[in-house]
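>
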Amino acid sequence: MGGFAMMMAAPVAIALVLVVMHGYLGGHVVRRGVIFVDIALAQVAAFGVAVALLCGAEVGSQTAWFSGLGATFLGALLISATRTRDENIPQEAYIGIVYAVFSAAMILVLTQIPHGGDEIRHLLVGSILWVSWTDVLKTAVLYTVLGVILWRFHGGLTLISDDPDAARKQGMHLARWDFLFYAMLGTVVTSSVQIAGVLLVFTLLVVPTVMVCRRNCDGGLRHLGQVLAIGMVAVMLGAAASWWLDLPTGAAIVCVFGLMLGLQASVESMVRRR
Numbered sequence: 014m015g016g017f018a019m020m021m022a023a024p025v026a027i028a029l030v031l032v033v034m035h036g037y038l039g040g041h042v043v044r045r046g047v048i049f050v051d052i053a054l055a056q057v058a059a060f061g062v063a064v065a066l067l068c069g070a071e072v073g074s075q076t077a078w079f080s081g082l083g084a085t086f087l088g089a090l091l092i093s094a095t096r097t098r099d100e101n102i103p104q105e106a107y108i109g110i111v112y113a114v115f116s117a118a119m120i121l122v123l124t125q126i127p128h129g130g131d132e133i134r135h136l137l138v139g140s141i142l143w144v145s146w147t148d149v150l151k152t153a154v155l156y157t158v159l160g161v162i163l164w165r166f167h168g169g170l171t172l173i174s175d176d177p178d179a180a181r182k183q184g185m186h187l188a189r190w191d192f193l194f195y196a197m198l199g200t201v202v203t204s205s206v207q208i209a210g211v212l213l214v215f216t217l218l219v220v221p222t223v224m225v226c227r228r229n230c231d232g233g234l235r236h237l238g239q240v241l242a243i244g245m246v247a248v249m250l251g252a253a254a255s256w257w258l259d260l261p262t263g264a265a266i267v268c269v270f271g272l273m274l275g276l277q278a279s280v281e282s283m284v285r286r287r
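In this text, residue positions in the sequence shown follow the working numbering: the first is 14, and each later residue adds one.
#1: Quick one: Cα of S279 to Cα of V57, how far?
#2: Our contact map puts Y195 next to L54 with C-beta atoms below 8 Å; I'd like the distance itself, whole angstroms only.
#3: Does DSSP put I102 in a helix, in a strand, or in coil?
#4: In this structure, does DSSP put F60 in helix, strand or coil?
#5: Starting from the Cα of L212, find the closest Cα among V223, C268, H128 and V246 and give me that residue.
#6: Which of the three DSSP states, helix, strand or coil, is assigned to E281?
#7: Have a look at V246, A180 and A94 and flag the residue whose alpha-carbon is nearest the alpha-carbon of G168.
#8: In angstroms with no decimal places, state the Cα-to-Cα distance between V43 and V219.
#9: Please report the distance separating the alpha-carbon of G238 from that of T216.
#10: Can you find at least 3 beta carbon pairs, one from the region 145-152 and one from the region 23-30, that sit closer than 8 Å?
#11: In the DSSP assignment, find the unbroken alpha helix (DSSP H) run with T124 in it and report its ends.
#12: Would you be able to state if there are at least three C-beta pairs under 8 Å between the region 182-200 and the region 110-126?
#13: Reducing DSSP to helix, strand and coil, say where F86 ends up.
#14: Check whether the region 161-176 touches the region 34-51, counting contact only when three or more Cβ pairs, one atom from each stretch, lie closer than 8 Å.
#15: Quick check: what's the CA-CA separation for I108 versus R286?
#16: Just to confirm my understanding: we take G148, look at its own chain, exclude 5 residues before and 5 after, and list those with CB closer than 7 Å. What are they?
#17: Between which two residues does the alpha helix (DSSP H) carrying F49 extend?
#18: Compute the distance between the beta-carbons of A23 and W164, then report whether it is under 7 Å.
#19: Could you work out which residue in M34, I102, A63 and P127 is closest to V202 when comparing CA atoms only?
#20: Report yes or no: do the region 220-228 and the region 239-257 share at least 3 C-beta pairs separated by less than 8 Å?
Set out below in structure tokens:
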């Protein structure tokens, strides 16, 4: 048990930090109906990191981080421009295109560097097991700053997430607000994707919120508290499974989230049949 606490303390701590910020942003993502925007932005960030690696940077370096951030702002600009009133072409279609194109571009870039396959695996599943307490502190400080900004604009962002037509009637410029939201989301993703990988980033943003929204999706403090509770349980169980079964930590946490969602759906189905 002492070995588990020593080895897994920092990975669990940073995963819990990720749960807090991703839990809040995930509520907006689900209510906006743009479920894959997070994984698309994560992939755009991964592409930016891949370009930095091609230029000689190391994973986790400032160069890689700023390259990922720059690419993510480009992705945020593209996605914020895809909001459409055309019912025949949902925004998710454009988001899927962004994801596919940048995924292919990342692969093309990484095939040009030695051990590119290892880098692809790293960007997908991350290296959360090897984070330090310095990484935890840096991430917590960054997310605190972003949290203050999001809280400052919480009212406008919430109105657009819940009722974009009402926001338009109030004269709000949706494209500008969308860019703000996606830029904040992209900054979070840029930081987290190098730590946790694309798959865990997507899972943290979507799965806890989906589990809560199966019962109630009001987006209030109670909703956020439930999201955080689910995230913390999954992180602890995934970390324990990773330690005892010698599994990749990020992938183990993702699978625990999936099992929890499947268990919830099964229990709710049995209850409805009674």
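Ideal Cβ placement from N, Cα and C applies to all residues, glycine included.
On the basis of the coordinates in this document:
#1: 35 Å
#2: 7 Å
#3: coil
#4: helix
#5: C268
#6: In this structure, E281 counts as helix in the three-state DSSP scheme.
#7: A180
#8: In this model, V43 and V219 are separated by some 7 Å (Cα to Cα).
#9: 17 Å
#10: yes
#11: For T124, there is no enclosing alpha helix (DSSP H), as DSSP marks it with neither H nor E.
#12: no
#13: In the structure shown, F86 adopts helical secondary structure according to DSSP, grouped into three states.
#14: yes
#15: 37 Å
#16: Rather than Gly, the amino acid found at residue 148 in this sequence is Asp. Excluding sequence neighbours, D148 sits near I27 and I208.
#17: Run containing F49: none; DSSP gives neither H nor E here.
#18: Going by C-beta atoms, A23 is not nearer than 7 Å to W164.
#19: M34
#20: yes
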